[in-house]
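Asks: Quick mapping for you: the protein sequence lines, in order, are chains A and B. Be aware that the first sequence starts at 1287, since it is given in our numbering, and climbs by one per residue. Be aware that the second sequence starts at 34, since it is given in our numbering, and climbs by one per residue. Every residue, glycine too, gets a C-beta built ideally from N, C-alpha and C.
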Amino acid sequence: MSLKEQLKKDFSTITLALMAVGIVLNLVLGQTVSLLKLPIFLDSIGTVIVALLAGPWAGGLTGLLSNLIWGMISDPVAAAFAPVAMIIGIVAGLCAKYGLFKAWWQAVISGVLITLALSLVAIPIRVYMFGGVTGSGADFVTAYLLATGQSLFSSVITTVIGNNLVDKIVTALLAWGIVKGLPKRFTSRFSRADKVTG
Amino acid sequence: MTASPTPSHSGTLYQPGASFLHRLHPLTKLTFSLCALVVIFSGPGGWLSALLPGLLALSLLWRAGLGRLAARLSFRLLAWLAVIMFGIHGFFGPDNQTILFNLGPLEVGQEGIEFAFLITIRLAAMLLVSLTLVLTTHPSHLVQALTEFGLPGGLAYLLGSPLLLLPQMVVRAQAIHAVQQARGLETQGNLLQRMRALFPLVAPLVFSTLVDVEERSLALEVRGFSAPTRKTFLNELVDTRSQRLARRGLIALSIVTFLLGVGWRLYASS
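#1: For Phe-134 of chain B, report the span of its beta strand (DSSP E) as first-last.
#2: Kindly indicate which three-state DSSP category Gly-1385 of chain A falls into: helix, strand or coil?
#3: Going by CA-CA distance only, name the one from B:Arg-277, B:Phe-119, B:Ser-66 and B:Ala-112 that's closest to Ser-163 of chain B.
#4: In terms of residues, what are the limits of the beta strand (DSSP E) holding Val-116 of chain B?
#5: Are Gly-1375 of chain A and Ala-1365 of chain A close, meaning C-beta to C-beta below 7 Å?
#6: Among B:Arg-256, B:Ser-250 and B:Ile-154, which one has its Cα closest to the Cα of Ala-112 of chain B?
#7: Contact defined as beta carbons within less than 8 Å: I believe Met-118 of chain B pairs with Gly-1423 of chain A. What is the distance between those atoms, to the nearest angstrom?
#8: At 7 Å on the CB atoms, spell out the chain A contacts of Trp-113 of chain B, in chain order.
#9: Thinking Ala-285 of chain B and Thr-169 of chain B are a contact (beta carbons under 8 Å), I'd like their distance in whole angstroms, please.
#10: Please report how far the alpha carbon of Gln-1436 of chain A lies from the alpha carbon of Leu-175 of chain B, in whole angstroms.
#11: Go to Glu-140 of chain B, then tell me how far its beta strand (DSSP E) extends in each direction, as first and last residue.
#12: Could you tell me which chain A residues have their CB closer than 8 Å to the CB of Thr-220 of chain B, listed as they occur along the chain?
#13: Answer yes if the stretch 63-82 of chain B comes into contact with the stretch 195-213 of chain B, meaning at least three C-beta pairs across the two stretches below 8 Å, and no otherwise.
#14: Answer yes or no: does any C-beta atom of chain A fall closer than 7 Å to that of Ile-146 of chain B?
#15: Considering only residues of the stretch 131-205 of chain B, which uninterrupted beta strand (DSSP E) runs meet the minimum length of 3 residues and lie entirely inside it, listed in chain order?
#16: Where do the ends of the alpha helix (DSSP H) carrying Ala-230 of chain B lie?
#17: Determine whether the Cβ of Leu-187 of chain B lies closer than 7 Å to any Cβ atom of chain A.
#18: Which of the three DSSP states is assigned to Ile-1355 of chain A in this structure?
#19: Alpha carbon to alpha carbon, how far is Leu-267 of chain B from Thr-35 of chain B? Give it in angstroms, no decimals.
#20: So which of A:Ile-1326, A:Gln-1317, A:Phe-1472 and A:Ile-1309 has the shortest CA-CA distance to Leu-224 of chain B?
#21: Checking contacts by CB at 7 Å: is Gly-1341 of chain A closer than that to chain B?
#22: Roughly how many angstroms lie between the CA atoms of Ala-157 of chain B and Leu-114 of chain B, to the nearest whole one?
#23: Is Arg-1478 of chain A helix, strand or coil by DSSP?
#24: Cβ closer than 8 Å: which chain D residues qualify as neighbours of Ser-75 of chain B?
#25: Gly-249 of chain B versus chain A: which residues are under 8 Å apart at the beta carbon?
#26: Which of the three DSSP states, helix, strand or coil, is assigned to Glu-1291 of chain A?
#27: State yes or no: is the beta carbon of Ile-132 of chain B nearer than 7 Å to at least one beta carbon in chain A?
#28: For the alpha helix (DSSP H) containing Thr-1417 of chain A, name the first residue and the last one.
#29: What number of angstroms, rounded off, separates the C-alpha of His-171 of chain B from the C-alpha of Tyr-47 of chain B?
#30: Is the separation between the beta-carbon of Gly-1397 of chain A and that of Ile-1331 of chain A shorter than 7 Å?
#31: Answer yes or no: do Arg-280 of chain B and Thr-64 of chain B have a C-beta to C-beta separation smaller than 7 Å?
#32: Would you call the stretch 1304-1318 of chain A in contact with the stretch 1441-1452 of chain A, where contact means no fewer than 3 C-beta pairs closer than 8 Å?
#33: Spatial neighbours of Val-1427 of chain A within its chain, please: CB distance less than 6 Å, with the 5 preceding and 5 following residues excluded, ordered by chain position.
#34: If you draw a straight line from the alpha carbon of Val-1465 of chain A to that of Leu-1431 of chain A, how long is it in whole angstroms?
#35: Count the other C-beta atoms from every protein chain shown that fall within 10 angstroms of the C-beta of Thr-1301 of chain A, then say buried if there are 16 or more, exposed otherwise.
#36: With a threshold of 16 other CB atoms inside 10 Å of the CB of Lys-1481 of chain A, please say whether the residue is buried or exposed.
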């Protein structure tokens, strides 16, 4: 199949409708979860679900646009992290493509891989754009590591991975459970879903 | 004819109004924001390149009657970040050499303070510059402007429809929360209890919206969404010759500043 045909298949009308819903899920679920005061933010579950059902490109675009829209409507700072959200979708889609989302323990591994990949993009943005500061409790860890003589870069590596690891594993597990629980009639509309459900 | 203000702007930063900033074509404001961001992060002179676009954006917002709001928003988003920034880099900055003064057992380093100052100015400028676009442009007008410019219809749908879906989904999420609580779901308590509440809160929302997807795509197809014909617009956006020229000028200016910045950095490091 040529690239153009693949893109056409990956971005059919139903996929676009799915992506729009995925974007809104990203924006809404973050708020719902903050009610529970858990140490996770779950703001990329829509991205991961889209990536599992419709592939890495659809997933990546869902993440990218989620953050750009969030930046447009409520917090321009979120737009700065749009590339990070894009990587989450791309890597989740790739994990699914290579059969790493078939069982729950594979979803955990995928969550770890997503965290490692997003760190590659998130760390430079944190360091060069925000001076390594997040405005959250993670800054105490950064301060401590800096005080023990670590460089800014390696301090931020620790906080970014620590901050995201649990969140991305929970996200991957939830997305896996949800896609497994979807009716066959629905998932059969998406060319990629059988990689997870099959 | 000017673009009529779309009724729903709840939950967004957009402020309805008729100032000169509101009347500018969305692409002009977008170009200004993006070019200013390039200058802020790459221009020569470090903090000076960030300060000038930031002040320009603030004065534009002020003339449009939005200065107070922009200042308040920036303060809310950045004040806490700035405090931590100065704390971390002042006390523990990895490049600290010169000691400004002692605060108890801790030393405050000049390099760290300078670095924190640079980052804070940059972030504030970045925020103000993006607010000139975000506060005065209704998201749907921006999407329309991008579509007229040549953005594919699919992407325009992805940018526009979440804004319409969002209020509906917030209501649905609140309903699910209320229903699950009525059924005795524990949303307080220890970490394990709250963790257990996660799936019952998340799954119904996700399942119910995913089930809607098929219906949505049918609705789109029925209205000729993927038809290859050229679509027309209900509202017209006003663009002028001078704005088109201004956009080109801004792009040229940012490229020149970028090159000057590269030269300045090479010179400073040699």
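Replies: From the atom records:
#1: As a position in the second sequence, residue 134 of chain B is number 101, starting the count at 1. Per DSSP, Phe-134 of chain B belongs to the beta strand (DSSP E) from 132-136.
#2: Here residue 1385 of chain A refers to the residue found at position 99 of the first sequence. Coil.
#3: Position 130 of the second sequence, counting from 1, holds the residue named residue 163 of chain B. For the residues B:Arg-277, B:Phe-119, B:Ser-66 and B:Ala-112, the minimum Cα distance to Ser-163 of chain B belongs to B:Ser-66.
#4: For the purposes of this step, residue 116 of chain B is taken as residue 83 along the second sequence, with counting starting at 1. Taken as a continuous stretch (DSSP letters only), Val-116 of chain B belongs to no beta strand (DSSP E), being part of the alpha helix (DSSP H) at 100-125.
#5: Position 89 of the first sequence, counted from the first residue, corresponds to residue 1375 of chain A. Position 79 of the first sequence, counted from the first residue, corresponds to residue 1365 of chain A. Not in contact: Gly-1375 of chain A and Ala-1365 of chain A (Cβ atoms no closer than 7 Å).
#6: Position 79 of the second sequence, counting from 1, holds the residue named residue 112 of chain B. Just measuring C-alpha positions, the residue of B:Arg-256, B:Ser-250 and B:Ile-154 sitting nearest Ala-112 of chain B is B:Ile-154.
#7: If you number the second sequence from 1, residue 118 of chain B lands on position 85. If you number the first sequence from 1, residue 1423 of chain A lands on position 137. Rounded, the Cβ-Cβ distance is 15 Å, inconsistent with contact.
#8: If you number the second sequence from 1, residue 113 of chain B lands on position 80. Listed along the chain, the chain A residues whose CB falls inside 7 Å of the CB of Trp-113 of chain B are Gly-1421.
#9: As a first step, residue 285 of chain B must be located in the second sequence, where it is residue number 252. As a first step, residue 169 of chain B must be located in the second sequence, where it is residue number 136. Wrong, their Cβ atoms sit about 24 Å apart, outside the cutoff.
#10: Counted from its first residue, the first sequence places residue 1436 of chain A at position 150. Counted from its first residue, the second sequence places residue 175 of chain B at position 142. The straight-line gap from Cα to Cα measures roughly 44 Å.
#11: Residue 140 of chain B sits at position 107 when you count from the first residue of the second sequence. Per DSSP, Glu-140 of chain B belongs to the beta strand (DSSP E) from 139-142.
#12: On the second sequence, residue 220 of chain B is found 187 positions in, with the first residue counted as 1. Those within 8 Å of Thr-220 of chain B in chain A are Leu-1321 and Leu-1322.
#13: no
#14: Numbered from 1 along the second sequence, position 113 holds the residue referred to as residue 146 of chain B. Output row for Ile-146 of chain B: interface = no.
#15: With a minimum length of 3 residues, the continuous beta strand (DSSP E) runs that stay inside the stretch 131-205 of chain B are 132-136 and 139-142.
#16: Within the second sequence, residue 230 of chain B is the residue found at index 197, counting from 1. Ala-230 of chain B -> no alpha helix (DSSP H), and no H or E assigned at all.
#17: Locating residue 187 of chain B in the second sequence gives position 154, counting from the first residue. The displayed chain sequence assigns Gly, not Leu, to residue 187 of chain B. Chain A, which has a Cβ nearer than 7 Å to the Cβ of Gly-187 of chain B, makes this yes.
#18: The residue given as residue 1355 of chain A occupies position 69 in the first sequence. Helix at Ile-1355 of chain A.
#19: One-based indexing of the second sequence puts residue 35 of chain B at position 2. One-based indexing of the second sequence puts residue 267 of chain B at position 234. Unreliable positioning characterises Thr-35 of chain B in this predicted model, as indicated by a pLDDT of 37, which lies under 50. The coordinate reading is nonetheless provided below. Using only the alpha carbons, I get a separation of about 11 Å.
#20: Translated into the one-based positions of the second sequence, residue 224 of chain B becomes position 191. Residue nearest to Leu-224 of chain B within the set A:Ile-1326, A:Gln-1317, A:Phe-1472 and A:Ile-1309 is A:Ile-1326 (criterion: CA-CA distance).
#21: Taking the first sequence and counting its residues from 1, one reaches residue 1341 of chain A at position 55. Taking Cβ atoms only, chain B never reaches closer than 7 Å to Gly-1341 of chain A, which makes this a no.
#22: Numbered from its first residue, the second sequence carries residue 157 of chain B at position 124. Numbered from its first residue, the second sequence carries residue 114 of chain B at position 81. Cα to Cα, the separation comes out at about 11 Å.
#23: Walking along the first sequence from the start, residue 1478 of chain A turns up at place 192. Arg-1478 of chain A: coil per DSSP, three-state reduction.
#24: Absent from the structure: chain D. Protein chains present are A and B.
#25: In the second sequence, counting from the first residue as 1, residue 249 of chain B sits at position 216. Gly is not the amino acid found at residue 249 of chain B; the sequence shown has Arg there. Going along chain A in sequence order, the residues near Arg-249 of chain B (Cβ under 8 Å) are Ala-1303, Ala-1306 and Val-1307.
#26: In the first sequence, the residue the question calls residue 1291 of chain A occupies position 5. When DSSP states are grouped into helix, strand and coil, Glu-1291 of chain A belongs to the helix group.
#27: As a first step, residue 132 of chain B is located in the second sequence; it is residue number 99 there, counting from the start. Interface criterion not met: the Cβ of Ile-132 of chain B is under 7 Å from no Cβ in chain A.
#28: The sequence position of residue 1417 of chain A within the first sequence is 131, counting from 1. Residue 1417 of chain A is actually Gly in this sequence, not Thr. Boundaries cannot be given for Gly-1417 of chain A, as no alpha helix (DSSP H) includes it and DSSP labels it neither H nor E.
#29: Locating residue 171 of chain B in the second sequence gives position 138, counting from the first residue. Locating residue 47 of chain B in the second sequence gives position 14, counting from the first residue. Between the C-alpha atoms of His-171 of chain B and Tyr-47 of chain B there is a straight-line separation of about 6 Å.
#30: By one-based count along the first sequence, residue 1397 of chain A stands at place 111. By one-based count along the first sequence, residue 1331 of chain A stands at place 45. No.
#31: For the purposes of this step, residue 280 of chain B is taken as residue 247 along the second sequence, with counting starting at 1. For the purposes of this step, residue 64 of chain B is taken as residue 31 along the second sequence, with counting starting at 1. Yes; because the gap between Cβ atoms is below 7 Å, this pair is in contact.
#32: Between the stretch 1304-1318 of chain A and the stretch 1441-1452 of chain A, the count of C-beta pairs closer than 8 Å stays below three; the two stretches do not touch.
#33: Your numbering for residue 1427 of chain A matches position 141 in the first sequence. So the list reads Thr-1445, once near-sequence residues are dropped.
#34: Here residue 1465 of chain A corresponds to residue number 179 of the first sequence, with the count starting at 1. Here residue 1431 of chain A corresponds to residue number 145 of the first sequence, with the count starting at 1. When rounded, the distance between both Cα atoms is 40 Å.
#35: Locating residue 1301 of chain A in the first sequence gives position 15, where the first residue counts as 1. So Thr-1301 of chain A ends up on the buried side.
#36: What you label residue 1481 of chain A is simply residue 195 of the first sequence in a count that begins at 1. Counting Cβ neighbours within 10 Å, Lys-1481 of chain A comes out buried, since at least 16 surround it.
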